[in-house]
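Converting from the sequence shown to this note's numbering requires adding 152 to each position, the first position being numbered 1.
No residue lacks a Cβ here, since even glycine has one placed at the ideal position from N, Cα and C.
Everything on this sheet refers to the single structure shown next.
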Amino acid sequence: MTATTPLAHTPATSAGPASSSPASDAGLLVLRLALGLTMAAHGAQKLFGWFGGGGLEGTGQYFELSGYPSGRTMALVAGLTETLGGLGLVLGLLTPLAGAAVLGTMINALAVKWGGGFFAPEGVEYEVLLAAGAAAVALTGPGRLAVDRFLPGLRNHRLPTGVAAVLLAAVTAGAVLVIRN
Numbered sequence: 153m154t155a156t157t158p159l160a161h162t163p164a165t166s167a168g169p170a171s172s173s174p175a176s177d178a179g180l181l182v183l184r185l186a187l188g189l190t191m192a193a194h195g196a197q198k199l200f201g202w203f204g205g206g207g208l209e210g211t212g213q214y215f216e217l218s219g220y221p222s223g224r225t226m227a228l229v230a231g232l233t234e235t236l237g238g239l240g241l242v243l244g245l246l247t248p249l250a251g252a253a254v255l256g257t258m259i260n261a262l263a264v265k266w267g268g269g270f271f272a273p274e275g276v277e278y279e280v281l282l283a284a285g286a287a288a289v290a291l292t293g294p295g296r297l298a299v300d301r302f303l304p305g306l307r308n309h310r311l312p313t314g315v316a317a318v319l320l321a322a323v324t325a326g327a328v329l330v331i332r333n
């Protein structure tokens, strides 16, 4: 009789990598749901004024006061990015790009709020946590409980895909920050 590890019993299939387990899949689903629903709700605040949000007009004014040009357009871009990125995370659909969308918006949110300390309500702890969660999901992939499982190119998430998504988020966020006053 030979000793084996639980990973030795998990074959690599088209459903995911050999290191995937039901526990990690469930954990990633919980993370994706919490992060994705939170971000989609924030996007809905910006786009529609739901959940006490300012809608495009109010959010646009806030963006202009924060140094962004064309506040209403920036509110639309941020609202769509948060809503679509959040829903992508919820579904596990195009997960690396969804994670990059959320990470990019959080990098901008960190830049706006920087200087208020770490702890809420003026600090950045909330934004740091959302950014870290988005980067983690982009890097690890969605797990097997995701729509990506059925997409040939994303069925088996690879670390280089996640790293590329994180870099895309950083470059895109940096480009947006360059146009900020």
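- In the structure shown, residue 276 falls within a coil segment according to DSSP collapsed to helix, strand and coil.
- Between residue 195 and residue 235 a beta carbon distance of about 3 Å is seen, short of the 8 Å cut, so the two are scored as contacting.
- By the Cβ criterion, the segment 301-317 is not in contact with the segment 184-191, since fewer than three pairs of Cβ atoms, one from each stretch, lie closer than 8 Å.
- Residue 192 is classed as buried because its beta carbon has at least 16 other beta carbons within 10 Å across all chains shown.
- Apart from sequence neighbours up to five positions away, the residues of its chain that approach residue 227 with a beta-carbon distance below 6 Å are 198, 208, 211, 212 and 215, ordered along the chain.
- Distance from the CA of residue 177 to the CA of residue 297, rounded to the nearest whole angstrom, comes to 6 Å.
- Apart from the 5 residues on each side of it in sequence, residue 202 sits with its Cβ closer than 7 Å to the Cβ of 196 in its chain, given in chain order.
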